[in-house]
Amino acid sequence: MASSPHSSSPFHHLLVFFLLFAAATAFPVTSDFELGIQKRIHFRVYFHETFLGPDNTTVTVSEEASLIPLVLVFTEGEFANSTLTAIGRLDASGKAERAIVGGTGVFQYAWGKLASELLTSSVEGLVAAFDVYVIYYNDVRLSTSP
4 MASSPHSSSP FHHLLVFFLL FAAATAFPVT SDFELGIQKR IHFRVYFHET FLGPDNTTVT
64 VSEEASLIPL VLVFTEGEFA NSTLTAIGRL DASGKAERAI VGGTGVFQYA WGKLASELLT
124 SSVEGLVAAF DVYVIYYNDV RLSTSP
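For the sequence shown, my numbering assigns the number 4 to the initial residue and increments by one for each residue that follows.
Below, the structure is given as structure tokens:
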């Protein structure tokens, strides 16, 4: 049986990889980061979620996921117009840790840990406490040149 002219072989995959690699490295871009002084903060946030009633704060749109993203949005104070993003598993024990994987505004290039503890839970809703430990930089400057 004759092979199709469009069939792929390891050689073709390797050739495409090297061509893409050559194209990506043909125009190197250098970046100078100036992160400023590293700062560390800890704060506690209380999370109230209402499942039932006219003022419910959640709506079920799919089944539970094993990874839960969480975005904290700051609207006032020193961190106004900034966000922190954390992702991690939801633990049935009521305690969980999530990795802080970044943020915006003051928290760009931030990293850390968000530890959550379920305080109360009922059919109507829940209350959880989030202890947030963040490492961030006070004055991030990025200049990119071709």
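The beta carbon of each residue, even a glycine, is placed where N, CA and C say it ideally should be.
Buried or exposed: Arg101, going by 16 or more other Cβ atoms within 10 Å of its Cβ?
Locating residue 101 in the sequence shown gives position 98, where the first residue counts as 1. Around the CB of Arg101, 16 or more other CB atoms lie within 10 Å, so the residue is classed as buried.
Can the beta-carbon of Tyr136 be found less than 8 angstroms from the beta-carbon of Tyr112?
In the sequence shown, counting from the first residue as 1, residue 136 sits at position 133. In the sequence shown, counting from the first residue as 1, residue 112 sits at position 109. No, the Cβ-Cβ distance between Tyr136 and Tyr112 is not below 8 angstroms.
State the Cα-Cα distance for the pair Arg43 and Leu17, rounded to the nearest angstrom.
Indexing the sequence shown from 1 puts residue 43 at position 40. Indexing the sequence shown from 1 puts residue 17 at position 14. Separation of Arg43 and Leu17 (C-alpha to C-alpha, rounded to the nearest whole angstrom) is 46 angstroms.
On a Cα-Cα basis, can you pick out the residue from Glu37, Ser69, Glu127 that is closest to Thr53?
For the purposes of this step, residue 53 is taken as the residue at position 50 of the sequence shown. Minimum Cα distance to Thr53 is reached at Glu127.
Judging by CA-CA distance, which residue of Leu87, Ala118, Ile71, Arg144 is the nearest neighbour of Leu93?
Locating residue 93 in the sequence shown gives position 90, where the first residue counts as 1. Of the listed residues, the one whose Cα sits closest to Leu93 is Ile71.
Could you spell out the range, first to last residue, of the beta strand (DSSP E) harbouring Ser124?
Residue numbering aside, residue 124 sits at position 121 when the sequence shown is read from its first letter. 114-124 is the extent of the beta strand (DSSP E) around Ser124.
From what residue to what residue does the beta strand (DSSP E) around Val104 run?
Locating residue 104 in the sequence shown gives position 101, counting from the first residue. In this chain, the beta strand (DSSP E) harbouring Val104 covers 98-107.
Quickly, what does DSSP pair Gly91 with across the bridge? List them, please.
Here residue 91 corresponds to residue number 88 of the sequence shown, with the count starting at 1. Gly91 is bridged to Ile71.
State the Cα-Cα distance for the pair Gly80 and Leu55, rounded to the nearest angstrom.
Translated into the one-based positions of the sequence shown, residue 80 becomes position 77. Translated into the one-based positions of the sequence shown, residue 55 becomes position 52. Those two C-alpha atoms are separated by around 32 angstroms.
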